[in-house]
Amino acid sequence: MIPDLYLKSLQIRNIATFENQTIEFKPGFNAIIGETGSGKSLILDSLQLIFGARADKKIIRKNSDFAMVEAVFHADSVEVKKWLLDLGHPCEGDEIVVKRIVYSSSPSKSWLNFQSCPLNLLTSFSRRYIDLVGQFENQKLLSPNYLLKLLDQFAGITTSVTSFSDKFAELSSKKKALLELEQTLEKSLQQEDFIQFQLKEIEELDPSVEDEKELITKKSSTLNQEKNQKLVSINQDRLSGDRNISIMNQISIMIKDFEGSNILTDDLLDNLKSAHSLLSEVDYKLGSIDFDPVSEDELSDILERLDKYQKLKRKFGGNVEGIISTYEDLKGKNTSFKSLQKDIAKMQSDIKVLVDELTKTATQLHKKRELAASKLSDQLTTSVSTLNMKGASLILSTIKSNLNSKGITDLSFRAQTNIGEGFFNVQDIASGGELSRILLALRQVLSSQDSISVFLFDEVDAGVGGETALRIGKSLSNVSKHSQVVAITHLPQIAINAENLVHVSKETVGKGNQRTLSRVDVIAAKDHSSFISSMTPLN
0 MIPDLYLKSL
10 QIRNIATFEN
20 QTIEFKPGFN
30 AIIGETGSGK
40 SLILDSLQLI
50 FGARADKKII
60 RKNSDFAMVE
70 AVFHADSVEV
80 KKWLLDLGHP
90 CEGDEIVVKR
100 IVYSSSPSKS
110 WLNFQSCPLN
120 LLTSFSRRYI
130 DLVGQFENQK
140 LLSPNYLLKL
150 LDQFAGITTS
160 VTSFSDKFAE
170 LSSKKKALLE
180 LEQTLEKSLQ
190 QEDFIQFQLK
200 EIEELDPSVE
210 DEKELITKKS
220 STLNQEKNQK
230 LVSINQDRLS
240 GDRNISIMNQ
250 ISIMIKDFEG
260 SNILTDDLLD
270 NLKSAHSLLS
280 EVDYKLGSID
290 FDPVSEDELS
300 DILERLDKYQ
310 KLKRKFGGNV
320 EGIISTYEDL
330 KGKNTSFKSL
340 QKDIAKMQSD
350 IKVLVDELTK
360 TATQLHKKRE
370 LAASKLSDQL
380 TTSVSTLNMK
390 GASLILSTIK
400 SNLNSKGITD
410 LSFRAQTNIG
420 EGFFNVQDIA
430 SGGELSRILL
440 ALRQVLSSQD
450 SISVFLFDEV
460 DAGVGGETAL
470 RIGKSLSNVS
480 KHSQVVAITH
490 LPQIAINAEN
500 LVHVSKETVG
510 KGNQRTLSRV
520 DVIAAKDHSS
530 FISSMTPLN
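When the letters of the sequence shown are read in order and numbered with numbering that gives the first Met the number 0, they come out as residues 0 to 538.
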């Protein structure tokens, strides 16, 4: 089966002993072979540059200004293409092109699909789809999180776990929102007492423009009452008091005097009578004024309320309208306190429901993982025994943990490499060769279910030979049925299983100032057998 993603070609320029070489790969099992020191490891170093590894300027070929690596991947995967499209680096057709240049005197540069990109983007790409398994290093196989991902794929619960993770993200979002609400409420509560005081202060006055005007009128009237009474009394006396001197009496006498003479015209006499009538009306109005006496207590209340008006106006806008507007704002804030408290209570309730739901689902997932881990452990033990690790046992154990984005499951990966010697963490007990075979066994069991498309095995055959090497070769071939395998090897027992043989050789060229050159040749399929035979040491 051809994988959705595989490495098609790799161009290497000015890297140590490589001047300019292009290597063609096939989708299945590719074996890189050659004498020790020929440059096989430089191919792996070049690939790691493509995958975002730190650039050491020492790799630049002598007398060169730069080193360049360009990898072309074939990609049928819709998921891969969408991921790249979302990143803003869309594919052209079915190819992904990754390029890295290391300069001797300036920072390195990288490109993804012909667009400049940060180095961490290449790292993200490699971690997502490519895996390096070596004698002393690997990218992710012993990571508990990655092992959990593989276990979920083996258990067939990946979709359920994704759905769970989405729900957990919702929980995290709600918790964050709750924290923000609580912080807002805490800040608001620090102001609440002051706001309540201000509300009470305004409510006690119950201000209005009309009320203030009425109070001012009452104050003015009250403070001038005695003066006004005296003024009214004096002027009433002037109008109608003493008959000998009152204005109205004198006008009456004048009317009588002139009515019997021809001194005044009729119009003037009428005006005199009208004046008497008008003054009579004024006299009546003055006499009807009722000076309602105001007690000292009432006056004190009026002055106190007007004083409150002045204080509140100074605090809230300089006029009664400003006081009323401030009151409405304060009421709104007071209402928001209660609204915040309701929102917090609802959010807390929603979170509890969500936690209960997630805990229930996580418990179900944990039980399925527990069963799958037992089956996977048996299969891994069987698989590793086929790689000549007789008596070795592998146990993938589930451990309940706190609720997190993946559930409540932690993993422990332990091995017993010799019967009766006890189980220990794989990375603590296994030798380099044993670790490589354990990881290869894991790959063999899970390769059909893994999202990884390209596996790089760096001298997975180190320290082995004979029957063990044959079994490793068969195992690599099995892994390549679902994913591309690129393995560096020096053993014919492994190389015989490869569909593509890449031979690396080294030669000295030039006269005088001689240089060393590494070159790559892809061995034709028809020549595989004879070439592999030549790899077998002669007795």
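Beta carbons are placed, not taken as given, at the ideal position from N, Cα and C, and that holds for glycine.
Hey, would you say residue i sits closer than 8 Å to residue j, going by beta carbons?
i, j, result
"Phe24", "Val519", "no"
"Asp64", "Tyr5", "no"
"Gln363", "Val444", "no"
"Leu278", "Leu305", "no"
"Lys175", "Ile350", "no"
"Ala54", "Ile14", "no"
"Leu490", "Gly464", "yes"
"His88", "Cys116", "yes"
"Leu214", "Lys307", "no"
"Val354", "Leu178", "no"
"Val501", "Val521", "yes"
"Pro26", "Asp409", "no"
"Asn29", "Asn499", "yes"
"Phe153", "Ala414", "no"
"Phe163", "Gly406", "yes"
"Val231", "Leu311", "no"
"Leu393", "Ala361", "no"
"Leu339", "Leu146", "no"
Note the first and the last residue of the continuous alpha helix (DSSP H) segment covering residue i.
i, result
"Asn417", "No alpha helix (DSSP H) holds Asn417; DSSP gives it neither H nor E."
"Asp296", "295-314"
"Met253", "246-258"
"Glu280", "265-287"
"Phe153", "143-154"
"Lys56", "Lys56 -> no alpha helix (DSSP H), and no H or E assigned at all."
"Asp520", "Asp520 -> not in any alpha helix (DSSP H); beta strand (DSSP E) instead, spanning 514-522."
"Thr16", "That residue, Thr16, is in no alpha helix (DSSP H); it is neither H nor E in DSSP."
"Lys81", "77-86"
"Phe530", "527-534"
Measure how close the beta-carbons of residue i and residue j come, nearest whole angstrom, since I'm counting them as under 8 Å.
i, j, result
"Lys166", "Leu357", "6 Å"
"Leu455", "Leu43", "7 Å"
"Ser482", "Ser528", "Contact flag wrong, Cβ pair sits at about 26 Å."
"Ala468", "Gln492", "4 Å"
"Leu439", "Leu386", "7 Å"
"Lys217", "Ile323", "Lys217 to Ile323, Cβ: 21 Å. No contact."
"Ser411", "Ser396", "4 Å"
"Glu78", "Val96", "Their Cβ separation, rounded to whole angstroms, is 19 Å, which puts Glu78 and Val96 out of contact at 8 Å."
"Asp457", "Ile487", "6 Å"
"Asn424", "Gly390", "About 18 Å; that fails the 8 Å criterion."
Which two residues bound the contiguous beta strand (DSSP E) that contains residue i?
i, result
"Thr35", "It is not in any beta strand (DSSP E) - Thr35 carries neither H nor E in the DSSP assignment."
"Ser109", "108-111"
"Asn403", "392-403"
"His481", "Counting along the chain, His481 falls outside any beta strand (DSSP E), and DSSP gives it neither H nor E."
"Asn223", "Counting along the chain, Asn223 falls outside any beta strand (DSSP E), and DSSP gives it neither H nor E."
Look up residue i in the DSSP assignment and give the residues it is bridged to.
i, result
"Phe65", "Tyr102"
"Asn499", "Asn29"
"Asn424", "Arg413"
"Asp130", "Phe454"
"Lys505", "Ser517"
"Asn384", "The displayed chain sequence assigns Ser, not Asn, to residue 384. Ser384 is not bridged to any residue."
"Val96", "Val71"
"Glu23", "Ser8"
"Ile487", "Ile31, Asp457"
"Gln114", "Leu111"
"Thr408", "Lys399"
"Glu202", "Paired residues: none, contrary to the question."
"Glu91", "Glu94"
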